[in-house]
Amino acid sequence: MPATPAVKIFGVGNAGVSLLTALTVPEFAAAHLIAVNTEAASLAASAAPMKIQLENKLLRGLGTGGDPDRGRAVAEEQFSTLKSACDGANIVFILAGLGGGAGSGISPVLARAAREAGAVVLAFVTIPFECEGNRREAQAQQSLEQLKAAADGVICLPSQKVFKLIDENTSVCDTFRVIGGLLVEGVRGVWQLLARPGLIQVHFADVCALVRDRHAENGFAFVEAGGPGRAREVVEKLLAHPLLDAGRVLAESDAVLVSLTGGKDLTMAEVNRVMEQIKRQCGHAQIIMGAAIDAAFTNRLCVTVIAAKQNVASKLAVTRTETQGGISTGLSQRDTTVTRGTRTRRAKEKLFQPQLPLAIVSKGRFDKSEPTLHNGEDLDIPTFLRRGVPLN
Amino acid sequence: MFDDSNIIVGLELGTSKICVVVGEQNADSGVNIIGLGQARSRGVRKGAIINTEQVEEDLRAAVAEAETMADVEIRSVYLGVSGGHVRGFNNRGVHPVVSADREISADDVADVVKNAKAINLPAENMVIHAVRQHFLVDGHDGVTQPVGMLGSRLEVDMHVIHGNANQMQNAIRLVKGTQLEVNEIVFNGMAASLALLTGEQKELGALVIDIGGGTTEYVVHSDGVIRHAGVLAVGGDHVSNDLAYGLKVPLSRAEKLKLEYGSALVTEAAKGQTISITNDLGLELRRVNVEHLQRIMSLRLEEIFHLIAQELDRAQLTDYLRAGVFLCGGGSRVPGIVQLAENSFQMNVTPGHASAISGLTTALDQPEFAAAIGLVKYGSLRNRKRPASRSLATIGGLTDAFRRILPR
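Quick mapping for you: the protein sequence lines, in order, are chains A and P. Taking this note's numbering, the leading residue of the first sequence gets 18, the next gets one more, and so forth. Taking this note's numbering, the leading residue of the second sequence gets 326, the next gets one more, and so forth.
Pasting the structure below:
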């Protein structure tokens, strides 16, 4: 395994390609950016150094027309092109907006191609707004399931959740910029974890072990704070973050990746404080953390959290889609048996009574009163529950 | 005309009890507690009124009891307020001395105090107290009386305690509805510290924690002035609620268990011990582990202390508390709480006793009444500040009336 892993970042579909533009900054100079789309116009506008246009007679140069089946068909046709584009990469990031034709259709195929080329695949995708209609939502959901089955990890951002981050007056342009910004922050968080010289180094192998074969849906959050109280502020922001459902996502996850970036003045005590809080939230999850130093971050502290959620329901769904073979059209027999083999082994070691997500704790006599919030904790909930002290 | 100007009454609308304390001011302006009335409070949660009718009923009962005991008619009260909405912070007012000879006049002092009170509060909040800490003349700290000094720049540090206006008005209206006048509203935490601390202790620096039914107030005195004040909307009710949830017993039963077996620390004797809960007929329903009970309690109380300690750390006041910590309120009756507080704060902890006042020892010895007794003390201090010689009672009455009309 090389010291610095080779990273390739794919932007797929119109959304993905434009997201890729946001990554053409010196920070990502070491990564190969590759734009993949069916429409020539969008590729022409892209600043990515490498572009792949997927084209066949069926499309007649008009793009997929919002049909993921066409996208998939054309990607399957040019499977070898995609696979060769992934050659030599240790990690492949896929950026896409699900719901349309190209992003939803091509991404799962690309993920499979990248895995066959021997890379760890992480997909960063958005799911359309509810107002965009049922069809796009259904397509996005279907594609997300396929992507979960094909990629090692999927970091999914439902656009609807962005409403919690924007106010009434935010323009449409700004809203999409916020969504794009969030995804890019996710990529950056993982990227920094791998590329930056760390106070606490994260090994590539750690990340692989965390995401490989999980096929999980991930929640992520990026927060930043400055000033002397930054460690505390960061934790507060993190726990209040809408994308983490006020910390609920952390509690449900079974693996959490935390990347801290600070200036030269980042102290161990701050790292410790942040991690302690996250740990408390996470319960029994496996935590991988990295702390990196960047001169530009003096007096600031950024924390990126990626939480891998693996619930029983999604695991079943993944198995079902694969065994039916509905989507894994190009999956070779050898590959299927290997993944299935590992899955049954995993299932065996994870044979435990699943806990229902009983997030609602009765507050007894304070049920109807205004909650007593202090640093994001509801003090009306019994202390022993919040601290997780066992009584037996 | 019946003159009741030497009768001072403190009223606290608490979460667990409504309490009226009657004090009589002596000729030498000392104050003596002569009556006490209390009623179980049913209409208050976490320090906020949720059922006006019940509160009014309980208030009437408490007032009647106090009137009988003290053999006086209560006309006006000093009303204690609290609740999670009450906050305190330090503010500094600045005023340039403009007179030609640079001598600081009383007007300058009034101006600087006014400036310090002009603070940026949320629209729905109002100031309860603005307590003067000390003056600075040309940046020199620690001036207590600047009038007559020379200087070009006068500053004052004040501690401003403010709270939600509507919630406090609710309490005031309710009291007025029972034909009682409200002389003034006073923050309960401040009242408790008045009752508990002697001048010496205030000088040394002390933290007073009043653990009530629904709220916990804390006030820090140092160098003889209030340095910090705040409220946590957590109290004995929360302990009971935690027990009800954790031990799976009804709330009323949890309350009883708390009083009977509660402890702030898990005692050796409790380890492995169980108690049986019986129904009305004496049949055993189930058994409850005492160790669990005490652990649940201990965690909650420890958290309260921890949050206060954190707050003081943030305000950088921990090192100023040379007289230590003083506990009062019903929560300070929990066995072992002094030990727990000592562990949490790492300093001397004293269970509260209203030592700054004289009178009925039965009242003074009970930590629950500290705040109400403090209200009486506050009233007596206020009375003393007024002109002592009041030859014409009517004029006194008139100025009082004006005082009430004029906004604070």
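Note that the Cβ used here is the ideal one computed from N, Cα and C, for glycine as well.
Worksheet entry | For P/Asp535, the residue or residues it bridges with in DSSP | Walking along the second sequence from the start, residue 535 of chain P turns up at place 210. DSSP, once it has assigned bridges, lists P/Glu542 and P/Cys653 as partnering P/Asp535.
Discussion item. If I follow the unbroken alpha helix (DSSP H) through P/His617, where does it start and stop?
Written reply: To locate residue 617 of chain P, count along the second sequence from 1; it is residue 292. Residues Val615 to Arg639.
Discussion item. Only counting the same chain, and skipping five residues up and downstream in sequence, which positions put a Cβ closer than 8 Å to that of P/Ser477?
Written reply: Indexing the second sequence from 1 puts residue 477 of chain P at position 152. Counting only Cβ-Cβ distances below 8 Å, and skipping sequence neighbours, we find Pro421, Val422, Arg427 and Asp463.
Worksheet entry | Proximal residues to P/Asn673 (C-beta, below 8 Å), its chain only, five neighbours per side dropped | Within the second sequence, the letter at position 348 stands for residue 673 of chain P. So the qualifying residues of the chain are Ala648, Gly649, Val650 and Glu667.
Practice prompt. Compute the Euclidean distance between the alpha carbons of A/Val266 and P/Ile333, then round it to the nearest angstrom.
Written response: Here residue 266 of chain A refers to the residue found at position 249 of the first sequence. Here residue 333 of chain P refers to the residue found at position 8 of the second sequence. Their backbone Cα atoms lie some 56 Å apart in a straight line.
Fill in: Contact set for P/Ile374: own chain, Cβ-Cβ below 8 Å, skip 5 residues either direction
Locating residue 374 of chain P in the second sequence gives position 49, where the first residue counts as 1. Closer than 8 Å at the Cβ level, and outside the excluded window around P/Ile374, lie Leu338, Gly368, Val380, Gln492, Asn495, Ala496 and Leu499.
Discussion item. So that I know if they touch, is there some Cβ in chain P lying closer than 8 Å to that of A/Ser101?
Written reply: Here residue 101 of chain A is taken as the residue at index 84 of the first sequence, counted from 1. Answer no: the Cβ-Cβ gap between A/Ser101 and chain P never drops below 8 Å.
Worksheet item: Does the Cβ-Cβ distance between P/Lys583 and P/Val356 come in under 8 Å?
Response: For the purposes of this step, residue 583 of chain P is identified with residue 258 of the second sequence, where counting begins at 1. For the purposes of this step, residue 356 of chain P is identified with residue 31 of the second sequence, where counting begins at 1. No, the Cβ-Cβ distance between P/Lys583 and P/Val356 is not below 8 Å.
Discussion item. Please classify A/Asn186 as buried or exposed, where buried requires at least 16 other C-beta atoms within 10 Å of its C-beta.
Written reply: Walking along the first sequence from the start, residue 186 of chain A turns up at place 169. Label assigned to A/Asn186: exposed.
Fill in: Which listed residue (A/Val251, A/Ser270 and A/Ala313) has its alpha carbon closest to that of A/Val291
Walking along the first sequence from the start, residue 291 of chain A turns up at place 274. A/Val291 has its Cα closest to that of A/Val251, out of A/Val251, A/Ser270 and A/Ala313.
Worksheet item: Sorted by chain position, which residues of the same chain lie with C-beta nearer than 7 Å to A/Asp395's C-beta, five sequence neighbours on each side aside?
Response: Against the first sequence, residue 395 of chain A aligns to sequence position 378. If we look at A/Asp395 and ignore the five residues flanking it on each side, its Cβ neighbours are Pro388 and Thr389.
Worksheet entry | Residue closest to A/Gly381, alpha-carbon to alpha-carbon, out of P/Ile602, P/Ile399, P/Gly571 and P/Arg417 | To locate residue 381 of chain A, count along the first sequence from 1; it is residue 364. With distances taken between Cα atoms, A/Gly381 lies closest to P/Gly571.
Worksheet item: Taking Cβ-Cβ distances shorter than 7 Å, what residues in chain P pair up with A/Thr400?
Response: The sequence position of residue 400 of chain A within the first sequence is 383, counting from 1. Within 7 Å Cβ-Cβ: Asp567, Leu624, Arg625 and Glu628.
Discussion item. Given this structure, state the Cα-to-Cα distance separating P/Gln671 from P/Gly699, to the nearest angstrom.
Written reply: For this step, residue 671 of chain P is matched to residue 346 along the second sequence. For this step, residue 699 of chain P is matched to residue 374 along the second sequence. Distance between the alpha carbons of P/Gln671 and P/Gly699 is about 27 Å.
Worksheet item: Hey, quick one: how far does the alpha helix (DSSP H) through P/Asp436 stretch, first residue to last?
Response: Sequence index remark: in the second sequence, residue 436 of chain P carries index 111 (1-based). Per DSSP, P/Asp436 belongs to the alpha helix (DSSP H) from Ala431 to Lys442.
Worksheet item: How should P/Glu585 be labelled, buried or exposed, when 16 other C-beta atoms within 10 angstroms of its C-beta is the threshold for buried?
Response: On the second sequence, residue 585 of chain P is found 260 positions in, with the first residue counted as 1. Exposed, by the Cβ-count rule.
Worksheet item: With a CB to CB cut of under 6 Å and the five nearest residues on each side skipped, what residues in its chain are close to P/Gly405?
Response: Locating residue 405 of chain P in the second sequence gives position 80, where the first residue counts as 1. Only Glu337, Val511, Asn513, Ala516, Ala696 and Leu700 meet the Cβ criterion.
Item to complete: Could you round the C-beta distance between P/Ile621 and P/Asp567 to whole angstroms and report it? I think they count as a contact, below 8 Å.
Response: Position 296 of the second sequence holds residue 621 of chain P. Position 242 of the second sequence holds residue 567 of chain P. With a Cβ gap of about 5 Å, P/Ile621 and P/Asp567 count as contacting.
Discussion item. According to DSSP, A/Phe193 sits in a beta bridge with which residue or residues?
Written reply: On the first sequence, position 176 is the one that residue 193 of chain A refers to. In DSSP, A/Phe193 forms no bridge with anything.
Item to complete: Closer than 7 Å by beta-carbon distance: list the chain A residues that pair up with P/Lys342, in chain order.
Response: By one-based count along the second sequence, residue 342 of chain P stands at place 17. None at all; the shortest Cβ gap to chain A is about 16 Å.
Discussion item. Which residues in chain P have a C-beta closer than 9 Å to the C-beta of A/Arg404? List them in chain order.
Written reply: Here residue 404 of chain A corresponds to residue number 387 of the first sequence, with the count starting at 1. Those within 9 Å of A/Arg404 in chain P are Leu624 and Glu628.
Worksheet item: Does any CB atom of chain P fall closer than 8 Å to the CB of A/Thr389?
Response: The sequence position of residue 389 of chain A within the first sequence is 372, counting from 1. Taking Cβ atoms only, chain P reaches closer than 8 Å to A/Thr389, which makes this a yes.
Discussion item. According to DSSP, simplified to helix, strand and coil, what is A/Ser270?
Written reply: The residue given as residue 270 of chain A occupies position 253 in the first sequence. Residue state, collapsed to three classes: coil.
Practice prompt. Output yes or no for whether 8 Å exceeds the beta carbon distance between P/Leu624 and A/Val204.
Written response: Locating residue 624 of chain P in the second sequence gives position 299, where the first residue counts as 1. Locating residue 204 of chain A in the first sequence gives position 187, where the first residue counts as 1. It is not a contact, given that the beta carbons lie outside the stated cut-off.
Discussion item. Please classify A/Arg194 as buried or exposed, where buried requires at least 16 neighbouring CB atoms within 10 angstroms.
Written reply: Taking the first sequence and counting its residues from 1, the one referred to as residue 194 of chain A is at position 177. A/Arg194 is exposed by the Cβ-count criterion.
Item to complete: Under the assumption that A/Ile144 contacts A/Cys103 (Cβ atoms under 8 Å), give the Cβ distance between them as a whole number of angstroms.
Response: In the first sequence, counting from the first residue as 1, residue 144 of chain A sits at position 127. In the first sequence, counting from the first residue as 1, residue 103 of chain A sits at position 86. Actually they are not in contact, since the Cβ atoms of A/Ile144 and A/Cys103 sit about 24 Å apart, beyond 8 Å.
Discussion item. Cutting at 7 Å between CB atoms, please list the residues of its own chain near A/Gly120, excluding the five before and the five after it.
Written reply: For the purposes of this step, residue 120 of chain A is taken as residue 103 along the first sequence, with counting starting at 1. Around A/Gly120: Val29, Gly30, Ala32, Gly33, Ala113 and Gly114.
Worksheet entry | P/Phe460 versus P/Asp433, P/Ile359 and P/Asn508, residue with shortest Cα-Cα distance | Locating residue 460 of chain P in the second sequence gives position 135, counting from the first residue. If we check each option's Cα against that of P/Phe460, P/Asp433 comes out closest.
Worksheet entry | Per-residue DSSP class, three states only, for P/Ala389 | In the second sequence, the residue the question calls residue 389 of chain P occupies position 64. Helix, per DSSP.
Worksheet item: From A/Arg403 to A/Ile323, what distance separates their C-alpha atoms?
Response: For this step, residue 403 of chain A is matched to residue 386 along the first sequence. For this step, residue 323 of chain A is matched to residue 306 along the first sequence. In a straight line, the C-alpha of A/Arg403 is about 22 Å away from that of A/Ile323.
Practice prompt. List the endpoints of the continuous alpha helix (DSSP H) containing A/Phe110.
Written response: Position 93 of the first sequence, counted from the start, is the residue given in the question as residue 110 of chain A. Where A/Phe110 is concerned, there is no enclosing alpha helix (DSSP H), although the beta strand (DSSP E) it sits in stretches over Ile108 to Gly114.
Practice prompt. Please report the Cβ distance between P/Leu637 and P/Leu529, rounded to the nearest whole angstrom; I am assuming they are in contact, meaning their Cβ atoms lie under 8 Å.
Written response: The sequence position of residue 637 of chain P within the second sequence is 312, counting from 1. The sequence position of residue 529 of chain P within the second sequence is 204, counting from 1. 16 Å between Cβ atoms; not a contact.
Item to complete: Quick one: list the residues of chain A neighbouring P/Leu576, beta-carbon separation under 8 Å, in chain order.
Response: Reading the second sequence from its first residue, position 251 is the one you call residue 576 of chain P. Chain A residues near P/Leu576: Gly381 and Arg382.
Discussion item. Taking CB distances under 8 Å as the criterion, tell me whether P/Ile536 reaches chain A.
Written reply: Here residue 536 of chain P refers to the residue found at position 211 when the second sequence is read from its first residue. Not closer than 8 Å to any Cβ of chain A, the Cβ of P/Ile536 fails to qualify, so no.
Worksheet item: Taking P/Met451 as the reference, which of P/Val419, P/Gln458, P/Val411 and P/Lys596 has the closest Cα?
Response: Counting from one through the second sequence, the residue named residue 451 of chain P turns up at place 126. Residue P/Val411 is the option with its Cα nearest to P/Met451.
Worksheet item: In terms of residue numbering, what span does the alpha helix (DSSP H) encompassing P/His563 cover?
Response: Counting from 1 along the second sequence, the entry for residue 563 of chain P is found at position 238. First-last of the alpha helix (DSSP H) with P/His563: Gly561 to Leu572.
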